[in-house]
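Mature numbering (1 follows the signal peptide of the UniProt record, and there is no 0) puts the sequence shown at residues -22 to -1, 1 to 323.
Following: one structure in structure tokens, then a few remarks.
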Amino acid sequence: MKRRISVLLVLAFILALSAGCAQEEKPVLNVFNYGEYIDMDLLDEFEEEYGIEVNYEIYPTPEDMYTKVKAGATDFDLIISSDYMIERLINEGMVNEINYDNIPNYQYIMEEFKKQPYDPDGKYTVPYFWGTLGILYNTEVVEGTPDSWDLLWDEKYSGQILMMDSQRDSLAAALKKLGYSLNTLDEGELEEARDLLIQQKPLVMAYVVDEVRDMMIGDEAAIALLWSGEAVAAMGENEKLNYYVPKEGSNIWVDAMFMPSNAKNVEEAEKFIDFLCRKETTLRNIDYVWYSTVHDEAVNEVEEFLFDNPGFNPSAEILDRVEMFRDLGDKIEAYDRVWTEVLSH
């Protein structure tokens, strides 16, 4: 009898201990974001302040993000991605509506970045950063002051040109060089863009994404198709570099935070969104990613030299000749096809 009582007491102790451990488990937040697109110290600070464990995973392009989310391989609670791909997920019913009452710092997001075409009713997203697509070049290698997409096809710089391993961005450069919309649904125009990129391939050192900035900083290449924030960061490390948005026009984009429809930790996601919308957090993030801010208080406290940089503060003239990528629905298959043909050629 004593042995039986002892065993029961031990079992009771184990059960109590297990229950205690279960109570001490931290809530979890699963975040999916571009690489090099947040000050990683902020994750630790958020965990410490809220007692929420952050599982953080990165992806290289919006297409890669979409493929993984669509496959349902991993349950993410919060995703940061680009306008046109968010629009696609919204159209496919794969995004949760946000309760903005739980995100009081949303009030500091500039009005002009709310209710954008990818979320016209302002139900699903909170803007994160914005910027342009353009060309970063080494002023000691490139002659003169270029202003056109033609630079990416200039044979003088053969083997010194970096293109982006990103379907919409690289096709956008070719489409705009040809005078077409970067959202064209005309298959003939897309095939012209394909042929132009195939013609360019012998001049291209590599198709890359995250490596572009470091390669340009290290003088490994002279010219690169690049997003503005990456260009600003590179210019801060290498004074020989300069950035411009070509005269033929280009892409303006807004990246935003959203919760996929299968998010399990909604409360934690809302806390994180609100945390990232604080002025102090935004300023820290700007110093890390160098993209243009959507925060109407933080923008007044950024370093003054950024306002003279066309990558961070594009002029009204530049903004007049840019357009946003849109979700093209099933028509995206034509883009998939021509891009595959470019890469396989």
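Ideal Cβ positions, reconstructed from N, Cα and C, are used throughout, including at glycine.
Just how far apart, CA to CA, sit residue i and residue j?
i           : j           : result
residue 317 : residue 227 : 21 angstroms
residue 24  : residue 48  : 28 angstroms
residue 311 : residue 78  : 35 angstroms
residue 7   : residue 76  : 16 angstroms
residue 263 : residue 22  : 14 angstroms
residue 205 : residue 307 : 24 angstroms
residue 195 : residue 148 : 21 angstroms
residue 242 : residue 59  : 19 angstroms
residue 15  : residue 268 : 9 angstroms
When DSSP labels each residue in this structure, what does residue i get in the three-state scheme?
i           : result
residue 96  : coil
residue 144 : coil
residue 252 : helix
residue 64  : helix
residue 8   : strand
residue 56  : strand
residue 310 : helix
residue 352 : Nothing in the structure corresponds to residue 352, since the chain is present only between -22 and 323.
residue 228 : strand
residue 238 : strand
residue 47  : helix
Hey, residue i and residue j: beta-carbon distance below 8 angstroms or not?
i           : j           : result
residue 272 : residue 63  : no
residue 106 : residue 234 : yes
residue 181 : residue 217 : no
residue 160 : residue 303 : yes
residue 320 : residue 139 : no
residue 129 : residue 120 : yes
residue 213 : residue 291 : no
residue 111 : residue 229 : yes
residue 39  : residue 187 : yes
Per the DSSP calculation, residue i is bridged to which residue(s)?
i           : result
residue 201 : 115, 139
residue 107 : 233, 271
residue 35  : 10
Once you ignore the five residues that flank residue i on each side, which residues in its own chain have a CB closer than 6 angstroms to its CB?
i           : result
residue 193 : 199
residue 289 : 206, 209, 210, 221
residue 299 : 227
residue 158 : 167
Kindly list the residues whose CB is nearer than 8 angstroms to the CB of residue i, restricted to its own chain and excluding five residues on each side of it in sequence; keep chain order.
i           : result
residue 57  : 9, 10, 11, 43, 47, 235, 236, 237, 238
residue -1  : Note that residue -1 scores 46 on pLDDT, short of 50, meaning its location in the model is unreliable; the coordinates nonetheless yield the value given after this. Closer than 8 angstroms at Cβ, skipping near neighbours: no residue.
residue 315 : none
residue 67  : 44, 47, 73, 236, 238
residue 91  : 105, 108, 232, 272
residue 163 : 306, 309, 312
So, for residue i: in the same chain, excluding its five sequence neighbours on each side, which residues have a beta-carbon less than 7 angstroms away from its beta-carbon?
i           : result
residue 259 : 20, 253
residue 323 : 176, 179
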